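Numbering (the numbering used here), first residue to last: 1 to 114. Think of the CB as a built atom: it goes at the ideal place given N, C-alpha and C, for glycine as much as any other residue. On a predicted model such as this, the values are computed, not experimentally measured, just so you know. Step one of this worksheet: look at the structure below.
Below is the structure:
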């Protein structure tokens, strides 16, 4: 059974940084594309960043140049380094795993104060 456990969320001032981690189990991690999504109150869940099994990355326009997604296949972990955070980045951030089907973590809250 796939299990994705996020950590690293919290409260940070605008301009600050956070690093989210997502530890995966129950899958052959290296063959999965991994992603980060977020959902702000009253809004739909949106893609933040994705990294393929080969290491290619894609980002939402709103986070390009500020966020970096990476993966460590030896640790079955995907990361999201978030710099220059803005209040509009406030959301619950979800880790996702994609292969034959999609799997989701339970989310971690990120709050950016102005």
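Nearest neighbour of residue 92 by Cα position, chosen from 10, 24, 38 and 26, turns out to be 38. When the five nearest sequence neighbours on each side are left out, the beta carbons in the same chain lying within less than 7 Å of the beta carbon of residue 27 are those of 2 and 97, in order along the chain. Listed in chain order, the non-local C-beta contacts of residue 102 below 7 Å within the same chain comprise 96, local neighbours out to five positions each way being set aside.
Taking the Cα positions, residue 76 is about 26 Å away from residue 90. In this structure, the alpha-carbon of residue 84 lies about 31 Å from that of residue 25. In terms of CA proximity to residue 58, 35 leads the group 35, 45, 18 and 79. With respect to residue 53, residue 31 sits close: the two C-beta atoms are nearer than 7 Å. According to the DSSP assignment, residue 67 belongs to the beta strand (DSSP E) that extends over 67 to 72. Annotation: the stretch 74 to 103 contains the following complete segments of the beta strand (DSSP E) (minimum length 3 residues), in chain order: 77 to 82 and 91 to 98. Residue 17 holds the alpha-carbon nearest to the alpha-carbon of residue 66 among 5, 42, 43 and 17.
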